[in-house]
Every structure is written in structure tokens, then in C-alpha cells.
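Going by the working numbering, 109 is the number at position 114 of the sequence shown; the sequence numbering is gapless.
Report on the structure given below.
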Amino acid sequence: MATVAEIIATADSIEQAAQLTAAGADYIYAGEDEFGLRLPHSFARAELTDLVQAVHAAGKKVLVAVNAIFHNDRIGEVGAYLQFLHAIAVDMVSIGDPGAIHVLQKESIPLPYLYDGADLVTSSRQIDFWARHGAVAAQVAPEVPYGELVPLMQHVTIPVSYLVYGASAIHQSGRPLLDNYFSFVKDHQERTDRARGLFISAPHKPETHYSIYEDRNGTHVFATNDVNLFGELDRVHALGIHYWKLDGLFVPGQQFSQIVAAFAHARDALAAGQWTSALVADGQHVIADNTPVNRATDTGFFDIDPDEVK
-4 MATVAEIIAT
6 ADSIEQAAQL
16 TAAGADYIYA
26 GEDEFGLRLP
36 HSFARAELTD
46 LVQAVHAAGK
56 KVLVAVNAIF
66 HNDRIGEVGA
76 YLQFLHAIAV
86 DMVSIGDPGA
96 IHVLQKESIP
106 LPYLYDGADL
116 VTSSRQIDFW
126 ARHGAVAAQV
136 APEVPYGELV
146 PLMQHVTIPV
156 SYLVYGASAI
166 HQSGRPLLDN
176 YFSFVKDHQE
186 RTDRARGLFI
196 SAPHKPETHY
206 SIYEDRNGTH
216 VFATNDVNLF
226 GELDRVHALG
236 IHYWKLDGLF
246 VPGQQFSQIV
256 AAFAHARDAL
266 AAGQWTSALV
276 ADGQHVIADN
286 TPVNRATDTG
296 FFDIDPDEVK
């Protein structure tokens, strides 16, 4: 019998988190830019405390991103942050840097962690390695296609999470590449953050449209199209993937909540054996109506032949 999935949804505010839990999200994904990557909002500690209390009051859980890459100048702050997260009763943390995992375990902080090594997490052996080192779940890279997910799911020993909707990062640099570029061309820009809505295109490929922005963790570049696996959820469900991740990095407020509600309805329909083509069509309409006009979606790597990405 297939697992009934839990939905992980990013939040850009306490208000949106309330909308998301009402829409059917089981986990609210949040954090602070100093410790987490590519977040819709950087929650200060007082604000994060309020978020956890509000989400718990709604009977749901909080997953906090601690998945930044920590060099020597930053790793010293990780222990205190993890202690803080434990103190406010965060349910789980997402970690990718082995140094941060070492801190978590060396200081014996009783926080369950989801291993999130971004696009490096591509095999059951890697996932099971981190399971032996304390991980309770793992985020599988969105580059892993269905043909590879099938054998992966047959061998993993802990639950996995998979991106079913949202932006997919394809590159990160610790350098301020946008600032460097604008300095080189002598075109001063006041802002290079996500709110600017900047894009780049590959040379001689005008159809490419890569979102790009800078923050505390450097420069982030995203695939031309966002992932939307709504039409493939029957296969995702049959695989037994425990966590469906929806990333609202580029989808504001109520629009993202409507999309999450569509996925939650699909999840419940699949569990009840009520998956229909009409439901798929209705859900796709909701997603199209609420995805920003400057963002297209497709199924990403999901249906690509595994031999094409080796």
C-alpha cells in the first residue's frame, strides 16, 4: 500500500503559514538566510518563535532550513542556532553540510534532521549512508528522474522528500556574481536581490530564462521552467515518496496557498482511490491561474531517460 504523503511547503510570513496549514500543508519550511538557502523570507529568531507557536497551534509541524554551506567563518554559529531551534520546539531541521551534522551530534542536540545535500543526493546508497549517521529523512535531488526513483525507493531505509512544485536551483556560487557583473559594465544597481526579478539567458539561446539573485549565501541561478508534477502525482504516490515538497520562492502569498491546496486535494484523492482525469485538469487550471505570468512550468527531469543524465 502506498504511503500517504505529507506536504512540505515554504512560507514567506506567519500569515502565509496560516494559509498553508489551512490548505493542507503538514510541514511549514522556513528559516534564516544566515543558515538556510533560497528562502522566501528570512525569519529573525523572535519571528521564527512566533511561527513555530502558530503552526503548532494549528496541529502542524515546522521544518527549519540549516542547509547553507558553512565555511570556517560561519560554522561557529551553527551550534547556538541549533540549540535555539531545539528550545523553541522545531520538529525537524534540513541539513546538508557534514560540518553542521557534526555540530548537531557533537553537542548532542536532540533535533531530528533531514539530509539535504541538494543536487548531490541521487542514490539510495548515499541516503542510507546518512541514515546510518542519524538522518531521519532525505531530500532527493530534483534531477533524479522517475526511472531512477523506482529502484531508489526500493532500497532506501528512511523516508524521502521530492520536489513536486517550484523553482529548481541549478547553480550556486559564494561570489557576488551580479554585483561583479554590474561593476564590470559600469551599470550601478541598487539591488540584486530576489525582489528585482532578474533573469539571464544563455548565449544564442533567447528561449532560456534563468532566474538569478544574490543574498547572504552568494548568487543563485534557477532552471528556466519551474517544476510542476501535478499530472504525475499518481506515479509519485505509487512510489511511496513520503514528503512532497512545494517551493513558493517565486510565488507570493495567497497564490502559493491555492497551489498547495490543489496538491493537498490530489494527495487526499489518491489516498482514497479517487484520482481522475477531471481532477488533474482542475488542478492544472488552479496551478496555471496562480503561477506568476513570468514563470513557466514543466515536469523537469521527471520523465527524462536516466541514460541522458548520467
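Cβ coordinates follow ideal geometry from the N, Cα and C atoms, glycine included.
None of the values given here were measured: they were computed from a predicted structure.
Asked	Found
Bridge-paired residues (DSSP) for H215	Q167 and Y208
Cβ-Cβ separation, H237 to E1 (assumed contact under 8 Å), whole Å	6 Å
V59 in three-state terms, based on DSSP	strand
Nearest neighbour of V59, chosen from V288, E303, S168 and A4 [CA to CA]	A4
Assigned exposure category for A75 - 16 Cβ within 10 Å defines buried	exposed
Residue range of the beta strand (DSSP E) that includes N223	D221 to N223
As assigned by DSSP and simplified to three states, the class of T203	strand
Candidates H128, K200, P201 and L109, of which the one nearest Y157 by Cα	L109
Where the beta strand (DSSP E) containing T44 begins and where it ends	Premise fails: T44 lies in the alpha helix (DSSP H), R40 to A52, not in any beta strand (DSSP E).
Start-to-end residues for the alpha helix (DSSP H) that takes in G278	S272 to N285
Proximity below 8 Å, CB of E227 to CB of T294	yes
Check whether L306 and A20 have beta carbons under 8 Å apart	Beyond the ends of the chain as shown, which are -4 and 305, falls residue 306; an answer cannot be given.
With 16 other Cβ atoms within 10 Å as the buried cut-off, status of S119	buried
Euclidean distance between Cα positions of V73 and I83	16 Å
Short Cβ contact (8 Å threshold) for S252 with T214	no
Length of the line joining the Cα atoms of G94 and F65	7 Å
Alpha helix (DSSP H) segment containing N269, residue limits	Residue identity check: residue 269 is Gln in the sequence provided, not Asn. First-last for Q269: undefined, no H or E at that position.
Bridge-paired residues (DSSP) for K240	I3 and L158
Three or more C-beta pairs below 8 Å linking the segment 282 to 289 and the segment 241 to 249	yes
Residue burial classification, V98 (beta-carbon count within 10 angstroms, cutoff 16)	buried
Element boundaries [beta strand (DSSP E), containing I23]	Y22 to G26
Cβ pair V231, L15 closer than 8 Å	no
Selected residue, minimal CA-CA separation from T219, among S196, A136, V116 and I104	S196
Option in R211, V155, V50 and P154 with minimal Cα separation from E29	R211
Test item: CB-CB of P154 and F297 under 8 Å	no
For M87: DSSP bridge partner residues	L58
Delimiting residues of the alpha helix (DSSP H) encompassing L109	No alpha helix (DSSP H) contains L109, which is instead part of the beta strand (DSSP E) from Y108 to Y110.
I9 and A53 closer than 8 Å at C-beta	no
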